[in-house]
Every structure is written in C-alpha cells, then in structure tokens.
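Quick notes on the structure that follows.
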Amino acid sequence: MIAKEEIWDILRGYDKDQLTIATICSHSSLQIFHGARQEGFKTLGICIGQPPKFYDAFPLAKPDKFVCVESYKALLDYCDDLVEENAVIVPHGSLVEYLGIENFESLAVPTFGNRRVLAWESDREMEREWLLKAGVNVPMRFERAEDIDRPVIVKYHGAKGGKGFFIAKHKDELKDKMSTEQQKYTIQEFILGTRYYIHFFYSPIRREGYKLSKGTLDMLGIDRRVESNADEIFRIGSMNELAEAGIYPSFVVTGNLPLVLRESLLPRAFELGERVVETSIDLFGGMLGPFSLETIVTDDLEFKVFEISARIVAGTNLYISGSPYSDLVERNLSNGRRIAQEFRMARELDRLPEIIT
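Quick note: the sequence shown, position 109, residue 109 per our numbering, numbers continuous.
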C-alpha cells in the first residue's frame, strides 16, 4: 500500500482552490459529479475508451473533463495526469471491483477516505471480525457444508453486486450448487425478515449532529435492492416446481427501491452505525465518509447486520434530490453533495489530510 506520507506530499503540491473531484464513470458517478458541482468543485470522469454518451442526457451531472484509459487497471499509468488536474478520487463499488484492492491501494493519487477499509470490507473473514468486535448481531456462519442444519445463503467475496450468490435449503442442495471454481466464499444462515440498506455518513471533522468520540454520524437514506429474478421468480411457480424446471433465484443487483424505517427503530439504527465506526477507528484508523450497513429486521424487530459497504453505495442514487432523512439534515442533500461538502469543510479548516489518503 502506498504510504499516507507519500499521498500527503502529492496533496501539498495541489492548488487547493482548483481541487477536482474525480471518479470512475459508473455506479454512483452521476450524483458524485452533480454534488461536486453544487458545491463549486470541478469534476473529472475516468472512463474506458470514449466518454460515455449518456452523460450528454444529464448536463447537471456531466463531468467537466474526462480521462480515457484502455482498461481500469491501466489507470495506474495515468496517475501523473490525474495529479496534474489536482484530482482526488472518490472510490465506489465499480472502482473497487474493476481495479482490484491491491491496485487501488497502490494508486499514487489522493483518494477520499481510508484506503485500508476496503481490504476489511472485501474480505468476509475480516468483515466478520469487524462486526463481531463492534458487538452487533450477525447471521450464524458455517465453516463446512456438513454442519448445515438450516437454510443458508452462499456469498462470494468482493464487490460483485450479488453475482453468484445462491440459497440452499440443506447441505445436499448446497453441494449440488457450489461452484467448482476456486473462489473465496462465506456460508451464512438465511435470515427471514425485511432488508434495510442504511446509508450513513461519518465525518471526523464536523461538530454538529449525532456526536461520536470524534466527529459526527449522519443517516442519509435507506434502500432495498432489486435483485435480478429473486423478487419476481415465484410468480411463475412454487420453489419445488421451479427447482424441477431447473430455475433458481439469482441475486444480481439490477436496481434499488426507497424505504423508510419504523421511527421507533431509529435509535437502534444509529447505535449500529456508531458501533461500527468506533470499532473501525480501533482496528484500522477509521472509516470515513459514506458507508452502508446491510441489515435484516426480523419480526421480533431485531437487526441482523450481514454486510458493510464501506463506501458510497448505488442505493443512494435514489436520493439525488434528498431523502426523507437527509431532508431533515439539509434540503436536497444527496450523498454525492455530502462528500463534496466534506471536501469544502476540510479545505476551509486546512484539514484535508484527515479525509484523504
């Protein structure tokens, strides 16, 4: 991993008044660029080949400039070009998946947030250690197929948008469905309940709001994912009928739906966010900016946390003009704009190194 000191040396050479917010042209880039523009920052889109034509349809979210690369991994060869633009990269799921953790950690360009968090997020063993140390409820995990005594869900490691995930009702079904490819995976019990993907934002420098040991925590929205055929498959038959036809649920994320949480559960939601942030500070120096806790609420009104996304998530795209929660912080506040506000605040307070690595 590139040393913080090396990144901070690069940052010292920047014209802070010309700071440019950059990201890969995918995932949540529209709201990142739109939010940056709202706060007066220049924007830069990183793309493969020619600039994507669809940005022409969204002029308020079209980046001011593009850097076109041959492949995402080739981005490592364009660091000097990005530094020349005074660019700070905002990571999201596509960048993590396409560039890879090791390449991202070695990228010689200032980046928003703590790079170390992505290793903890993408490795499910480390992620589970994080959650357990935070003292939150997590689904039971099985090390071996032989130990399964209930329905389970199998998840492959990394930010793959649910690709390859599957449910098995018992150990024989698990063995039949398991991929022969050598991929790291986790077997979790399948929890019945309602899925809530809660969008948080942690600021180490802001003082007003829900206070933590250092800084504040915002809750800016909640979504639920639309997952390929999993939400529609049972319209055409029962589980047994589908299995006989060789049809099984798939969990590739294709979109998102807005949700609000029962208000009496909000204190518990904030407690989960607080515990995860405070534990991250102890484990690896802290998680910064946007993150999401992927939870299930059971009929006993108990939260089960099954995953952390330690970056901006695509579900926040629902709320470019604000959510029922972010509107109670500031009208029309998106996650993209909140990121830009953190840049502006850090620049004004001369504290950019606290949010950039």
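Yeah, the Cβ is synthetic: ideal placement off N, Cα and C, and Gly gets one too. The model shown is predicted, which means the values in this text are computed figures rather than measured ones.
Expected contact under 8 angstroms - CB spacing of residue i and residue j to nearest Å
i, j, result
"Gly-221", "Ser-326", "6 angstroms"
"Val-117", "Phe-270", "Not confirmed; about 20 angstroms, so no contact."
"Leu-11", "Ile-355", "Wrong, their Cβ atoms sit about 11 angstroms apart, outside the cutoff."
"Pro-63", "Gly-45", "4 angstroms"
"Pro-139", "Glu-189", "5 angstroms"
"Leu-293", "Val-276", "7 angstroms"
"Val-152", "Phe-165", "At roughly 11 angstroms, the Cβ-Cβ gap does not stay under 8 angstroms, so Val-152 and Phe-165 are not in contact."
"Leu-212", "Glu-278", "6 angstroms"
"Leu-19", "Val-136", "Contact flag wrong, Cβ pair sits at about 36 angstroms."
"Asp-57", "Phe-33", "Note on residue identity: the sequence assigns Ala, not Asp, to residue 57. Not quite, the Cβ-Cβ distance comes to about 13 angstroms (not below 8 angstroms), so this is no contact."
"Val-109", "Val-83", "6 angstroms"
"Lys-155", "Arg-124", "7 angstroms"
Enclosing alpha helix (DSSP H) for residue i [first to last residue]
i, result
"Thr-279", "266-284"
"Leu-217", "Premise fails: Leu-217 lies in the beta strand (DSSP E), 216-227, not in any alpha helix (DSSP H)."
"Gln-18", "Here Gln-18 belongs to no alpha helix (DSSP H), and DSSP marks it neither H nor E."
"Gln-188", "That residue, Gln-188, is in no alpha helix (DSSP H); its beta strand (DSSP E) goes 185-189."
"Lys-4", "4-12"
"Ile-320", "It is not in any alpha helix (DSSP H) - Ile-320 carries neither H nor E in the DSSP assignment."
"Ile-101", "101-106"
"Ser-122", "116-122"
"Asp-80", "79-84"
"Ala-340", "335-348"
Own chain, CB closer than 6 angstroms to residue i, minus 5 neighbours either side, in chain order
i, result
"Arg-344", "Glu-39"
"Gly-315", "Tyr-197, Asp-223, Asn-256"
"Leu-318", "Asp-223, Asn-256, Pro-258"
"Tyr-98", "Tyr-72"
"Ile-296", "Ile-191, Gly-193, Arg-195, Lys-304"
"Arg-150", "Glu-189"
"Ala-159", "Confidence in Ala-159 is poor, its pLDDT being 47 and thus under 50, which makes the residue's placement unreliable; the coordinate value appears in the next sentence. Around Ala-159: Gly-93, Val-96, Glu-97."
"Ala-145", "Lys-171, Leu-174, Lys-175"
"Ile-219", "The sequence given here places Met at residue 219; Ile does not occur at that position. Counting only Cβ-Cβ distances below 6 angstroms, and skipping sequence neighbours, we find Phe-200, Tyr-325."
"Ile-7", "Pro-110, Thr-357"
"Arg-37", "none"
"Asn-332", "Ser-321, Gly-322"
Residue interval of the beta strand (DSSP E) (run including residue i)
i, result
"Gln-31", "Segment 29-38 is the alpha helix (DSSP H) holding Gln-31; no beta strand (DSSP E) there."
"Ala-168", "166-168"
"Val-88", "87-89"
"Asn-256", "253-258"
"Ile-153", "152-156"
For residue i, the residue or residues it bridges with in DSSP
i, result
"Ile-296", "Arg-195, Lys-304"
"Gly-289", "Tyr-202"
"Leu-387", "Outside the shown range of the chain (1 to 357) lies residue 387, about which nothing can therefore be said."
"Ser-309", "Ser-292"
"Tyr-210", "Leu-217"
"Arg-141", "Gln-188"
"Ile-356", "Phe-112"
Close Cβ partners of residue i (< 8 angstroms) along its chain, the five nearest in sequence each way excluded
i, result
"Leu-349", "Ile-205"
"Asp-9", "none"
"Thr-216", "Tyr-202, Ser-203, Arg-206, Arg-207, Glu-208, Gly-209, Tyr-210"
"Ile-48", "Cys-68, Val-69, Glu-70, Ser-71, Tyr-72"
Selection from the options that minimises the alpha carbon distance to residue i
i, options, result
"Leu-352", "Gly-113, Tyr-72, Lys-53", "Gly-113"
"Phe-201", "Leu-95, Ser-334, Arg-141, Leu-174", "Ser-334"
"Ile-102", "Met-1, Asp-282, Asp-172", "Checking the displayed sequence, the identity of residue 102 turns out to be Glu instead of Ile. Checking every option, the nearest Cα to that of Glu-102 belongs to Met-1."
"Gly-35", "Val-90, Gly-13, Asp-80, Pro-51", "Val-90"
"Lys-53", "Glu-263, Asp-15, Phe-66, Val-226", "Phe-66"
"Lys-171", "Asp-147, Trp-130, Met-219, Tyr-156", "Asp-147"
"Ile-339", "Glu-5, Arg-311, Ala-74", "Arg-311"
"Thr-254", "Ser-280, Arg-128, Glu-227", "Glu-227"
"Asp-300", "Leu-107, Asp-176, Leu-265", "Leu-265"
"Trp-120", "Val-83, Glu-307, Gly-336", "Glu-307"
"Leu-131", "Glu-342, Tyr-210, Gly-336, Ile-281", "Ile-281"
"Arg-128", "Ile-48, Phe-251, Thr-186, Ser-29", "Thr-186"
"Leu-261", "Ser-323, Lys-42, Gln-341", "Ser-323"
"Thr-250", "His-199, Leu-328, Asn-332, Ile-167", "Checking the sequence shown, residue 250 turns out to be Ser, not Thr. Ranking His-199, Leu-328, Asn-332, Ile-167 by Cα distance to Ser-250 puts Ile-167 first."
"Gln-341", "Cys-25, Phe-41, Asp-17", "Phe-41"
"Tyr-78", "Leu-30, Leu-107, Lys-155, Cys-25", "Leu-107"
"Leu-76", "Pro-51, Glu-105, Gly-49, Tyr-55", "Glu-105"
"Ala-74", "Thr-43, Ala-87, Ile-24", "Ile-24"
"Val-88", "Ile-48, Ile-21, Cys-47", "Ile-21"
Contacts around residue i, its chain only, beta-carbon distance under 7 angstroms, and the 5 residues preceding and following it disregarded
i, result
"His-27", "His-92, Gly-93, Ser-94, Ala-314"
"Asp-81", "Val-67"
"Lys-4", "Thr-357"
"Lys-214", "Pro-204"
"Gly-13", "none"
"Ala-134", "Arg-275, Val-276, Thr-279"
"Ala-346", "Ile-205, Leu-352, Glu-354, Ile-355"
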